[in-house]
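Numbering (our numbering), first residue to last: 33 to 137.
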């Protein structure tokens, strides 16, 4: 089978509210680094979690990817503004090429 390229998580999670502890998050980052896998976190509810906030996936490793939006945690329903953040510029360039085929704006 093809090798795994991404570990995709959604944290803080909606609707369950699941959020990894700092230790769980650190362990995921370590496992991804050990196996050459990128950690991709859908962080659209970032800022609404209880307790200590984990580092954004894009800040945890050279291959970490964060998906963010303004509409959720900031209460701006209907605003369709989002972003991908990563230190992996090659991945971001490839995503920019795909965007031409996947969005209407």
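Quick reminder that beta carbons are idealized off the backbone N, C-alpha and C, glycines included.
Residue closest to residue i, alpha-carbon to alpha-carbon, out of the options
i: residue 48; options: 56, 80, 59 and 57; result: 80
i: residue 114; options: 67, 65, 76 and 33; result: 76
i: residue 39; options: 105, 61 and 46; result: 61
i: residue 54; options: 83, 103, 133 and 116; result: 83
i: residue 124; options: 106, 99, 108 and 109; result: 99
i: residue 91; options: 57, 106, 129 and 131; result: 57
Buried or exposed by the 16-neighbour rule on C-beta atoms within 10 Å, applied to residue i
i: residue 135; result: exposed
i: residue 96; result: buried
i: residue 10; result: The structure shown does not extend to residue 10, since the chain is modelled only from 33 to 137, so the question has no answer here.
CB of residue i within 8 Å of CB of residue j, strictly
i: residue 66; j: residue 94; result: no
i: residue 71; j: residue 87; result: no
Inter-residue spacing [alpha-carbon to alpha-carbon] between residue i and residue j
i: residue 101; j: residue 112; result: 8 Å
i: residue 104; j: residue 116; result: 15 Å
i: residue 46; j: residue 64; result: 23 Å
i: residue 108; j: residue 33; result: 42 Å
i: residue 36; j: residue 69; result: 7 Å
i: residue 41; j: residue 131; result: 21 Å
i: residue 106; j: residue 74; result: 16 Å
i: residue 78; j: residue 59; result: 20 Å
i: residue 126; j: residue 50; result: 30 Å
i: residue 122; j: residue 129; result: 11 Å
Residue i at chain D interface by Cβ criterion, 8 Å
i: residue 75; result: Within the model displayed, chain D is absent; a lone protein chain is all it includes.
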